[in-house]
Amino acid sequence: MYCWPGFPPNGRNTTTMSEFTLSLLRRQKPRCAKTWLPGIQAITDLLLAEYGTPTLGNYRDPVKEIFYIVLSAKTTEPLYQAAYRRLWKRFRTLSEIANASATELYECIGGAGLGTKRSAQLHEIARRLIADLGSNPGKRLKRLSSEDAYCYLRSLPGIGPKSAFCIMMYSLDFDVFPVDTHVHRVLCRVGVIRARAKHYHAQSYLPGFVPQGRSRELHAALVVHGRRICTPRLPSCQLCVIRNLCKYGRKASR
Ligand code: SF4
Numbered sequence: 009m010y011c012w013p014g015f016p017p018n019g020r021n022t023t024t025m026s027e028f029t030l031s032l033l034r035r036q037k038p039r040c041a042k043t044w045l046p047g048i049q050a051i052t053d054l055l056l057a058e059y060g061t062p063t064l065g066n067y068r069d070p071v072k073e074i075f076y077i078v079l080s081a082k083t084t085e086p087l088y089q090a091a092y093r094r095l096w097k098r099f100r101t102l103s104e105i106a107n108a109s110a111t112e113l114y115e116c117i118g119g120a121g122l123g124t125k126r127s128a129q130l131h132e133i134a135r136r137l138i139a140d141l142g143s144n145p146g147k148r149l150k151r152l153s154s155e156d157a158y159c160y161l162r163s164l165p166g167i168g169p170k171s172a173f174c175i176m177m178y179s180l181d182f183d184v185f186p187v188d189t190h191v192h193r194v195l196c197r198v199g200v201i202r203a204r205a206k207h208y209h210a211q212s213y214l215p216g217f218v219p220q221g222r223s224r225e226l227h228a229a230l231v232v233h234g235r236r237i238c239t240p241r242l243p244s245c246q247l248c249v250i251r252n253l254c255k256y257g258r259k260a261s262r
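Below, the structure is given as structure tokens:
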């Protein structure tokens, strides 16, 4: 187990990380990665040629990104985008969110669903960031090692492994590869992972297939592709630029 080494300096250093989680950060290469690496490189190039370098609205500021990621869970893009804008329009600073009442927070973000739960989470996150990291939490977060950043983020309410990886990738510049529902579905169909692979299993070995330094662009491109073309119910394989590299697409065209 990995022990969080005395960070933050308030004595709350009890978060531990299993060897399994550490292995996710170490980006271990599965034995079959050599076979798939050229395929994933080609998929990355084709998707980027199709979509450009897509942006999903994520933030370079880690504090803003934490709030954005919490609001984006289990809801649709227009709803969480609107909730995020309302939140930061009404509360200009982290302290204002930490001092807001549950009702005030609910009024801003309730429209994105899970309002009561998420209001409590955002309130606690604001309070914790100030208490643990002081007046400039974003700067402190950017100085952490990948293990410390992951541990700290996971200790915040509403931040699971995928959310922690997203924040690390988008705003802390770590080369980690979050596996969300779109990434999982598209790469299952392509044939990189087994159709019934559990999410934690996919998260444990998919990063090993991703070319070094290309995690962010591939992740964003797969999300866009999963939303527009490789949709859950009926993928539009005839419009797909990676069809020749996809097991499902090749089968469908026979
Ligand atoms: S060929 Fe079809 S199943 Fe394969 S990635 Fe493209 S849209 Fe998805």
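For the sequence shown, the working numbering begins at 9 and goes up steadily by one.
For glycine and all other residues, C-beta sits at the position ideal for the given N, C-alpha and C.
Predicted model only: the values in this text are computed from it and were never measured.
Between I117, A106, S223 and R235, which lies nearest to L87 when the distance is taken from Cα to Cα?
-> Nearest of I117, A106, S223 and R235 to L87, Cα basis: I117.
Smallest Cα separation from I138: which of V71, F173, R151 and V231?
-> Looking from the CA of I138, the closest CA among V71, F173, R151 and V231 belongs to V71.
Check whether the Cβ of P288 lies closer than 6 Å to any heavy atom of the ligand SF4, and answer yes or no.
-> No answer is possible for residue 288: the residues shown for the chain start at 9 and end at 262.
What is the C-beta distance between Q49 and P186, in whole angstroms, given that I count them as a contact (C-beta under 8 Å)?
-> About 19 Å separates the two Cβ atoms, so there is no contact after all.
Is DSSP giving W12 helix, strand or coil here?
-> Residue placement at W12 cannot be trusted, given a pLDDT of 44 that sits under 50; what the coordinates show is reported in the next sentence. Three-state result, W12: coil.
Could you tell me if D181 is buried or exposed, where buried requires 16 or more neighbouring beta carbons within 10 angstroms of its beta carbon?
-> Burial call: exposed.
How far does the alpha helix (DSSP H) with L149 in it reach, from first residue to last?
-> For L149, the uninterrupted alpha helix (DSSP H) run begins and ends at P145 to K150, by DSSP.
What is the DSSP secondary structure of S109, reduced to helix, strand or coil?
-> In the structure shown, S109 adopts coil according to DSSP, grouped into three states.
Pairwise C-alpha distance: R204 and S223 | So the alpha carbons of these two residues sit roughly 23 Å apart.
So does Y256 have its beta carbon nearer than 6 Å to some heavy atom of the ligand SF4?
-> Taking the Cβ of Y256 as the reference point, at least one heavy atom of the ligand SF4 falls within a distance shorter than 6 Å.
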